[in-house]
Structure formats: structure tokens, C-alpha cells
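What follows is a single structure, written as C-alpha cells, with notes after it.
Number of protein chains: 2
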Amino acid sequence: MDVKKIARKLNLPESRINELLERRIIKTISDELFYFAKGISGIESGTFIFCKDDIIEIIQGYPKIRRAMVLDACIKNHFASIPVVAVEEKMNGYNVRVCLLKNKIYAITRGGLICPYTTEKARELIGYNFFRDYPHYVLCGEMVGPDNPYVPKNIYNIDSLDFFIFDIQEKNTGYSMSVLKKHALLKEYELNAVRFFGVYSIPDASSKIMQIIKELGAIFHEGVVIKDPEMILPPIKYTCSQSNCIDLEYAFAFYNDYGKDFFFSRVVREGFQSVELNENDIQIKERCCRLGESILKPMINTIKRKKSGKRIVEKVQIRVKNLETAKQFEEHLRNLNIDAIFESPIFINGEYLIKIKKIYQSTNDKTEAVLKGQTW
Amino acid sequence: MDVKKIARKLNLPESRINELLERRIIKTISDELFYFAKGISGIESGTFIFCKDDIIEIIQGYPKIRRAMVLDACIKNHFASIPVVAVEEKMNGYNVRVCLLKNKIYAITRGGLICPYTTEKARELIGYNFFRDYPHYVLCGEMVGPDNPYVPKNIYNIDSLDFFIFDIQEKNTGYSMSVLKKHALLKEYELNAVRFFGVYSIPDASSKIMQIIKELGAIFHEGVVIKDPEMILPPIKYTCSQSNCIDLEYAFAFYNDYGKDFFFSRVVREGFQSVELNENDIQIKERCCRLGESILKPMINTIKRKKSGKRIVEKVQIRVKNLETAKQFEEHLRNLNIDAIFESPIFINGEYLIKIKKIYQSTNDKTEAVLKGQTW
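Residue numbers (numbering that gives the first Met the number 0), protein chains in the order written: chain A, 0 to 375; chain B, 0 to 375.
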């Protein structure tokens, strides 16, 4: 690899690049592909580097969006310097950056790896029209739908998989396009954008957004992202209680594979939301039961499944035009240390549906050991 | 300190003692007192060393008792080599080892420090009769009651504070007396023992214990400890759902000061208990609501308190004969980095009642910041 060229492009000394390579903060995918497995000051985790011959391109890692816990106070605090905020839907899928490398479309996941399945989908769903005119832009969006092998969801009325763009960034700098310009451009190229609720003045925003949150919660959607329309200040996110609880349900089905932080932060959100909504005793009781059920019921099901001799798996699926993509995706999951069993492809309407069982080994092992009498 | 003497007594090389001192695993309280701040192979955390002139005495740290998650399987697995188990109540207070040092009674807390308040109480409650005859024994028990400044509880119908012994160990070796002999000896000296439910055969034990657990749960007591009557195999513990939930209530009132593990392990217990009890949908729903309420309600209260400008504190109290003890106890809490405000003593029935507010700084700070709009 050309350390000198990468160093120049990232504006870091060569010695620093060598150190980051040694510490495996920059990881090598191939002779020409690299990514930041962790963030460092000024460079996000998941930042992707393509470096071949004279070409070097950086796709900045997608920044983590900070979460509002108390909506009203947070909007007034975070956006104190601007008059209005733009509100978009936060969809529940996986975050992908789609861009052109060597004149071909690639889809990069949050972590900084090219996902072969997502790449096949991005080529179908987005196509080359936009990139012919704007090769230096990165389309950042959410892949959602039931054929999503990372976070499958049936809540969006999508048959297979679709891509909803929430951000257009420049290659290298990672600068974001303003919200209105982005929506206009996506409309022009007939590309899907996430739902845009509108622009609200700071004093009005929290009550408007709380209303949106209630409506989204009722249909089990995730929440919103609140943005500086000019995309100078970083955005913040806020989610529905129902979505929190769905996350918990999912995580507690595989209770020993998920981090305790995952759980804890979601519980704390519920507390602050209840206080902000000024809930009465009946509403609090309902929220408590909803929380308790989303924690305990999936765990009880998991324990019962294991007790009856079954394996604890998550069933997901992909749908591909090309079986080679499925093979590459299998390899991709192996690289991510995800233990998955691919069933035989089923040919439907010109595509192959492949069912996949993801195995949660830690939850399997722990549950089995405890059922056999192991102490905690 | 006499490293050579301590090394000989602990059966470790002198160099190892020096290393443990350097790494602050053995910590120095005074010229003659030391304790293990962490456990090492063969020596429990909280092990206490008294070393003066020709005398050296080791009070072994009280071992952590492993927890049964599935009662029936765990009893059959853990106690496979013996025919019967003894069952005692596990009380909810704090674990103290009371022993004679230089002919005076001292009370050592779990961590390995002498607590001046507990020492005053131990001298009153236990007295010297037992120790005159058995100076080489350590009385291990639970300090419980409303005047317990660590874990105050009103569930035991105790006016102030009382000491319930669950184990008699030898100094130095830490060997435990058999269960029946212990209860006989405590009766002889009119010392309080924890409640002894009886001895059960292994096949019967889990159904008998589950019945005890239900009864203890109904009166909000904590649970049981299941022991090899000969005290050769280590004991195991099992607790009531109600007690789990009370713990959670307490911890979530100070949600940012408590470990996420504290929470997680308690939730997992609930899942396994529900499956073992073969609960129906209504019982599961009740358990879920109970769990959810014990998590969210205290957190909501904490957030509301902070919102109304109040400080998040825990109110505890001590009752002392001697004001010097209170002063020493204040110093003791400072050494433990516990932030506490002592109110002026109130003289009642020949004793001083002192109300104490423990301040949970992390929960105070985090709640305040989030209410002011800080992101998570």
C-alpha cells in the first residue's frame, strides 16, 4: 500500500499511518482497500479508503448520531444558534454508504466493509443515473425490508428490500448537502428519500416532533432525526417507546450475546420520555408493563426453546439474482465472525430466496448450561 | 510490617507478599492491620490480617456464594455427591465477620475493613460469653434492620439493628462448622441464628425450597442458602422474585451509580424462575409488570425529584451509644469514598439517632445534565 499517499490524503504524518496499521486501527481488506476499524480524533470509525495507482478516495465513516433524552431541552440546547430544524424519519434497517469506485457502485456498511449482497441491491435499486452526474457524492441511506439479513423488518410495507437516502455527502471531506437541496436532487433522480416531515421553528419543534413520535410509535416505526437544515450542526435523534421495546425484545431473545449497555440505555430513555410526557399513573403502569414484557417474554421463549432441545437462532433471508453474490455474502458473514447456516436457494420469480439461520452461540451455551444446573 | 511472618502464615513466598503490597492487592490499614482488596488464587477478597508482635491472625474473606438459576437442576448437579442439604434463610442486610483481636470484639465488613459502627453494635449484641470459650472462632452473620446504614430494611420486625449468624468459621483456615453443630452452639450461647428450615433429601429439596421461596417472597424476604450440612461443598443461594424486584427498585433510583451487571443478572434470574415455575400467560404478564415497575418507577421518581430541584439522596440512619463511634463511622464512609451528610444527633432513650443522607453524585449529575438537554 502507498502509505505516503494515504497519509497526505488524510492529512496525517506517515509514521502515524504506520502506527495505526500496526495497532490494527486501520485494517487491510485487499491491496487497494482499507478501513478504520476504530475511530481516531477527526476520523470516524468505518472510514473507508480506496487507493489504487493514481486514485485515492476516502469515504468518511458515518458519524454516530447523538440521542436526545429530553426532546424539548435538547433541541433548545443543541440548536440554540439556529432558528429552525428539519425533521426526517429515522428508519430501522442498516446504515449503508453507496458510492462509485472505479466507475462501479459499491455499498459500504457502517463498519467500513463492502457488503456484496448490499452492493448487488444498491446497483439494482439506485443504478448509475445519479452517479454519472455526481460521481463525487456518497449516498448515505438505510436498507430496510424483510430481505434485510442484518435487521429484517416488515413494518414498512416493502416486499423485499429498499434503500432510503437520508444524507448526501461529498467523498473525502464527508461534508453533507443541505436538507432541502438533498430532497430536491433525490426527487430529480427519482431516488427514495426518507420521509421528510418539514422544517419547524425551535420553540415549536418539540411539540410537533412529539406528535410525530406518537404517530410513528403507533405504527411501530422507529423515530426521527432532527437536523440543522444547512447540515452544519450535527443532527440528533429521538425514538418512540414502541421502537425501544422492539429492540429490547430482539436483544433479550439472544440475551447473552447482547451488551448490557444496549439494554441499559434503552431503559433510561423510557424513564425520561415518561417524565417529559408528564404521564399519569395509568400511563406509567402501561409503560412499565410494556417494558417488562419486552424484556422477559423473549427471554422466557428462548429458555423454553432451549429446554425443548431446540437451537437459539435468528431466521433471516436474502434474495439475490446471482448465486455468486450469496456465496460472497456467506464469506462476508464469516469475516464478521457471524455464525450462519445458509439453506438451499429457492428460485422464485427470477430470483433466489435463501433462508439463513444466524446462531447465537453464547446464548445457546449459557442457557443450556444453566438449565443443566450451572450456577450464575 | 513483618512480611516474613505474614508470608509464612499465608503459605506464600515473601516476594509474593511484597508484590501484592506493591500492586495494592494487599492494602495497609495501620501498622498492624492489612486486608486483601482483591482475591488471589486461594485467598478470598476481604481477607483480613492482624499482625502485632508475636501474634498473627488471618480472618478469611467471606466467599461469594454461587447462585442457582434453575433450582432443581442446580441442586442435583451441585450436591450430587451428598444425600441431603440444609436450608437456611438468606437475610437482606450486610455480611459481617465478628471476631476477637487483642481480646476485643471487632466487626469486619465484606471488603475487609473494621467498621466502627458495626463493631459497637457487635459488642452490644454478641458480647464476650461466646468468645471467652471460643476465641479462635469467627461469627459470620448478617446485620439487619432499619438502623443499618448500608442496606436499611424494615422487613424483619427489628426495632434498630440485629445480628443473625449463618456461619461459624475457624480463624486462619476459614473452615466452617457443620450446620447442626453451629445451630446447637448458637442456641447454647443464646446467639441469634438465621432461620433454619431443615434438612431435605436431594430429590425432595427443590420442591420444598420452592415452597419456602414462595412464602418468603410473600413477606418480601430475600431467599435461602442451600448448604452441605457438613459444610464441605460450597453452599448455593436462591432468591425470591420479589426480592430481585426490590433490589432493582433500589438500584434504579440511583440508576447511574449502579453497575449494569447488577441489573442484567437480576433480569435473567426472573426469566429462568418463570420457566422453572412453569408459569401461565397471566403469571408471566404479572411478572413482567412487576419487573417493569421495579425498573421504571424509581427512575421516573428520581427524574421528577431532580426536575423539581431536589437532590438525589438515600436516607439512612445509625443509632449509637457513643458519639465518638459516629465520628469514626463518618471517617469510615469517607475512606470508602461514600459521600454522606450527617445530621445533628438526636438523643432518644439513652442513644443518639443520627440521620445520614448518602449522595449519589453520578445519578445527580447525569439526570441534571440530561434534563438540561444533554444528549446521551
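C-beta: ideal position from N, C-alpha, C; glycine also. Bear in mind that the values here come from a model prediction, so they are computed numbers and not experimental data.
Would residue i pass as a contact of residue j if the rule is Cβ separation under 8 Å?
i: PRO62/B; j: PRO233/B; result: yes
i: ILE57/A; j: LYS103/A; result: no
i: ARG318/A; j: TYR351/A; result: yes
i: THR301/A; j: THR362/A; result: yes
i: VAL86/A; j: ILE218/A; result: no
i: PHE165/A; j: LEU124/A; result: no
i: GLN168/A; j: SER175/A; result: yes
i: ARG289/B; j: CYS244/B; result: yes
i: LYS365/A; j: VAL312/A; result: no
i: PRO115/B; j: GLN327/B; result: yes
i: GLY111/B; j: GLY45/B; result: yes
i: GLU119/A; j: ASN321/A; result: yes
i: VAL274/A; j: LYS371/B; result: no
i: LEU138/A; j: VAL97/A; result: yes
i: ILE24/B; j: VAL2/B; result: no
i: HIS182/B; j: PHE196/B; result: no
i: LEU70/A; j: ILE208/A; result: yes
i: PHE262/A; j: LEU247/A; result: yes
i: MET0/A; j: PHE33/A; result: yes
i: LYS236/B; j: VAL224/B; result: yes
Just the chain A side, please: which residues come within less than 8 Å of residue i by C-beta, in chain order?
i: ASN76/B; result: LYS371, GLY372 and GLN373
i: LYS296/B; result: ILE283 and CYS287
i: ILE235/B; result: THR374
i: GLU313/B; result: The contacting residues do not exist; GLU313/B stays about 18 Å from chain A at best.
i: GLY291/B; result: ARG286, CYS287, CYS288, ARG289, LEU290, GLY291, GLU292 and ILE294
With DSSP as the reference, please indicate the residues paired to residue i in a beta bridge.
i: ASP161/A; result: VAL143/A
i: LEU70/B; result: Answer is none; LEU70/B lacks a bridge partner.
i: ARG65/B; result: ILE235/B
i: SER175/B; result: GLN168/B
i: TYR34/A; result: LYS26/A and PHE47/A
i: GLY222/A; result: LYS89/A and THR238/A
i: PHE195/A; result: GLU87/A
i: THR374/B; result: ALA67/A
i: ASP352/A; result: At residue 352/A the sequence reads Leu, which differs from the Asp that was named. In the DSSP output, where bridge partners are listed per residue, LEU352/A has ARG318/A and ILE345/A.
i: SER200/A; result: VAL83/A
i: ILE39/B; result: ILE42/B
i: ILE58/A; result: PHE47/A
i: LYS357/A; result: GLU313/A and ALA339/A
Whose Cβ in chain A lies nearer than 7 Å to the Cβ of residue i?
i: VAL69/B; result: VAL369, LEU370 and GLY372
i: TYR249/B; result: In chain order: nothing, as chain A lies at least about 15 Å away.
i: ILE299/B; result: GLY270, SER273, VAL274 and ILE283
Show which residues of chain A have a CB atom less than 9 Å away from the CB atom of residue i.
i: ASP260/B; result: LYS259
i: LYS326/B; result: Neighbours of LYS326/B on chain A: none; closest Cβ ~38 Å, over 9 Å.
i: LYS306/B; result: VAL274
i: ARG66/B; result: THR374 and TRP375
i: GLY173/B; result: Going along chain A, no residue has its Cβ under 9 Å from GLY173/B, so there is no contact; the nearest lies around 20 Å.
Please list the partners that residue i has in chain B, where partner means a Cβ-to-Cβ separation under 7 Å.
i: ILE302/A; result: GLY270, PHE271 and VAL274
i: LYS72/A; result: Note that residue 72/A is Ala in the sequence shown, not Lys. Chain B residues near ALA72/A: LEU370, LYS371 and GLY372.
i: PHE263/A; result: LYS259 and PHE262
Anything in chain B within Cβ reach of residue i, meaning under 8 Å, just list it in chain order.
i: LEU232/A; result: Correct list: empty, because the minimum Cβ distance to chain B is about 12 Å.
List, in order along the chain, the chain B residues whose C-beta lies closer than 9 Å to that of residue i?
i: GLY216/A; result: Those within 9 Å of GLY216/A in chain B number zero; the least Cβ separation is about 17 Å.
i: TYR254/A; result: PHE263, VAL266, VAL267 and GLY270
What I want to know is whether the C-beta of residue i ends up closer than 7 Å to one or more non-hydrogen atoms of the ligand MN.
i: ARG23/B; result: In the structure shown, the ligand MN is absent, as is every other ligand, since no ligand is present at all.
Quiz item: Which runs of the beta strand (DSSP E) fall wholly inside the segment 264-349 of chain A and span at least 3 residues, in chain order?
Solution: Listed in chain order, the beta strand (DSSP E) runs fully inside the segment 264-349 of chain A are 312-319, 339-341 and 345-347, counting runs of at least 3 residues.
Practice problem: Please confirm if the segment 250-257 of chain B is in contact with the segment 284-304 of chain B, defined as three or more CB-CB distances below 8 Å between the two stretches. | Solution: Yes, the segment 250-257 of chain B is in contact with the segment 284-304 of chain B.
Practice problem: Count the CB pairs spanning the segment 330-339 of chain A and the segment 137-146 of chain A that are closer than 8 Å, and state whether there are at least three. | Solution: With a cut-off of 8 Å, the segment 137-146 of chain A and the segment 330-339 of chain A do not count as touching, because too few Cβ pairs lie within range.
Practice problem: Only counting runs of 4 or more residues, tell me where the alpha helix (DSSP H) segments fall wholly within the segment 84-150 of chain A, in order along the chain. | Solution: Complete alpha helix (DSSP H) runs here, min 4: 115-124 and 128-132.
Self-check item: Inter-stretch contact (C-beta, 8 Å, three-pair minimum) for the segment 146-161 of chain B and the segment 88-95 of chain B
Solution: By the criterion of at least three beta-carbon pairs nearer than 8 Å, the segment 146-161 of chain B is in contact with the segment 88-95 of chain B.
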